[in-house]
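Residue numbers (the numbering used here): 283 to 708.
Structure first, commentary second.
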Ligand SMILES: Cc1ncc(COP(=O)(O)O)c(C=O)c1O
């Protein structure tokens with residue numbers, strides 16, 4: 283892969299001029315003096331997302347309560363509307379997807395639905411490197427069922443930099459009832475082999491759920507071929523839905539007959555929802571897992587951005603993402619490793635997600651120095667600067683410039699002027 287890249291200022295310009303997705307950048311609110319490489323945390327606003335949001339505001343202004351019924355009940359049934367746009371991105375049937383609440387709430391929803399512990403099968407299998415909200419949710423769910431996390435939560439530890447899928451399979455003992463794992467690790471960008479792990483879980487009659495937060499919109503996913511039990515994901519990272527945009531939940535059709543762990547009136551059958559009966563009539567598709575009124579203002583951005591993503595196509599997005607991150611790694615290898623930087627993500631295309639994990643002992647102060655120079659990455663303890671060149675809006679020229687800025691920061695040691703004191707969000 284590296285053989286195809288060259289150093290020098292002209293090369294990234296050549297790549298930009300030949301980028302089939304290059305024109306999408308104009309649809310995003312990029313800034314002239316800012317190199318934004320934080321789309322793995324919060325995707326940039328697009329004109330498409332903005333238009334969909336303004337459209338909702340207009341409808342609210344003009345229609346008041348009638349907003350729920352305009353355009354064939356679009357906003358009342360907004361989850362199902364968005365599910366159709368999301369279905370292609372995760373390779374699922376639209377009726378297996380609901381859009382609502384936050385990722386963490388959806389973890390609670392998935393786990394409280396599927397976790398049915400018995401005296402000899404009551405453990406939940408997790409890992410020690412997932413984003414902590416998943417763990418907090420799991421611990422509280424086992425407590426709700428009367429267990430202690432230190433007994434009922436089985437943690438696979440990472441021996442080394444990356445996980446070995448076989449360690450998860452080995453840990454699938456008969457006492458394990460449910461597994462929750464991330465598809466892509468938020469820090470190392472490692473992709474787990476979902477098929478291998480999911481097949482092993484199914485063979486052992488263990489429920490498996492996946493957190494797709496760092497995968498969706500970054501890598502291709504085909505849930506139909508995996509036949510997993512449930513999945514959850516956020517929509518504000520690579521899907522560019524906007525800060526705190528409503529999250530996704532996937533429920534395999536096999537389970538539509540089950541009752542949701544957390545029921546609410548929006549999970550009632552549409553035909554009888556407004557009869558307001560005391561008995562819950564569960565809607566037998568993923569929307570049966572909705573809880574309350576759709577957060578329309580937090581969903582509208584997603585409408586615009588999902589249409590945009592589908593227009594670009596996930597295959598093309600993944601292919602550009604692999605190429606631009608490979609270019610970044612090429613520049614890091616050739617210019618930065620001699621200054622104490624290492625690449626902390628897997629190198630193989632099939633094993634790495636959408637960001638490059640750049641490690642340095644002075645990572646925190648360097649990340650702040652980058653911000654002072656107009657580069658926006660983020661930092662994760664103890665030493666990781668996460669850099670996500672995003673397929674639809676980051677240019678190769680920006681990647682080149684960002685590495686030149688990094689080189690300047692470490693050569694001139696400007697990061698040493700920066701205090702170690704941390705901001706609330708890093
Ligand atoms: C793997 C993973 N799950 C969940 C979340 C966040 O959950 P929520 O959207 O509920 O804040 C994150 C946030 O970065 C994440 O990386």
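Beta carbons: idealized from backbone N, C-alpha and C, even for Gly.
Keep in mind it's a predicted model, so treat the numbers as computed, not measured.
Alpha-carbon spacing of residue i relative to residue j, whole angstroms
i	j	result
residue 513	residue 535	12 angstroms
residue 470	residue 704	22 angstroms
residue 529	residue 330	19 angstroms
residue 400	residue 448	26 angstroms
residue 601	residue 673	8 angstroms
residue 444	residue 472	7 angstroms
residue 468	residue 351	39 angstroms
residue 421	residue 397	12 angstroms
residue 697	residue 624	17 angstroms
residue 670	residue 699	26 angstroms
residue 692	residue 619	11 angstroms
residue 433	residue 483	20 angstroms
residue 694	residue 621	11 angstroms
residue 562	residue 395	16 angstroms
residue 690	residue 313	22 angstroms
residue 641	residue 667	6 angstroms
residue 580	residue 334	11 angstroms
residue 662	residue 633	20 angstroms
residue 375	residue 616	44 angstroms
residue 495	residue 323	10 angstroms
Residue-level contact to chain B via CB, residue i, 8 angstroms cutoff
i	result
residue 596	Of the chains in the structure shown, none is chain B; there is only one protein chain.
Residue i classed as buried or exposed, judged by whether at least 16 other C-beta atoms fall within 10 angstroms
i	result
residue 291	exposed
residue 339	exposed
residue 371	buried
residue 391	buried
residue 612	buried
residue 353	exposed
residue 300	exposed
residue 308	exposed
residue 336	exposed
residue 493	buried
residue 507	exposed
residue 702	exposed
residue 654	exposed
residue 550	buried
residue 283	Residue confidence is low: residue 283 scores 46 on pLDDT, short of 50, so the model does not pin down where it sits. Its coordinate-derived value is still stated next. Under this definition residue 283 is an exposed residue.
residue 423	buried
residue 305	exposed
residue 296	exposed
residue 522	buried
residue 644	buried
residue 539	exposed
residue 425	exposed
residue 491	buried
Span of the alpha helix (DSSP H), counted from its first residue to its last, around residue i
i	result
residue 363	360–372
residue 409	Residue 409 -> not in any alpha helix (DSSP H); beta strand (DSSP E) instead, spanning 405–409.
residue 514	Not the alpha helix (DSSP H): residue 514 falls in the beta strand (DSSP E), residues 512–515.
Start and end residues, beta strand (DSSP E) containing residue i
i	result
residue 466	From DSSP, residue 466 is part of no beta strand (DSSP E); its letter is neither H nor E.
residue 640	638–641
residue 250	Nothing can be reported for residue 250, as the shown portion of the chain is limited to 283 through 708.
residue 556	First-last for residue 556: undefined, no H or E at that position.
residue 529	529–533
residue 491	489–493
residue 506	Taken as a continuous stretch (DSSP letters only), residue 506 belongs to no beta strand (DSSP E), being part of the alpha helix (DSSP H) at 505–508.
residue 436	435–438
Residue i: CB within 7 angstroms of a non-hydrogen atom of ligand 1
i	result
residue 642	no
residue 412	yes
residue 468	yes
residue 394	no
residue 525	no
residue 416	yes
residue 639	no
residue 660	no
residue 493	yes
residue 496	yes
residue 516	yes
residue 529	yes
residue 580	no
residue 399	no
Heavy atom of ligand 3 within 7 angstroms of residue i beta-carbon
i	result
residue 421	Ligand 3 is absent from the structure shown, which contains only ligand 1.
Expected contact under 8 angstroms - CB spacing of residue i and residue j to nearest Å
i	j	result
residue 315	residue 679	Wrong, their Cβ atoms sit about 14 angstroms apart, outside the cutoff.
residue 460	residue 387	So it is not a contact: roughly 17 angstroms between Cβ atoms.
residue 505	residue 373	5 angstroms
residue 328	residue 586	6 angstroms
residue 407	residue 458	5 angstroms
residue 570	residue 577	In fact, because the Cβ distance is near 18 angstroms, the residues do not count as touching under 8 angstroms.
residue 681	residue 610	5 angstroms
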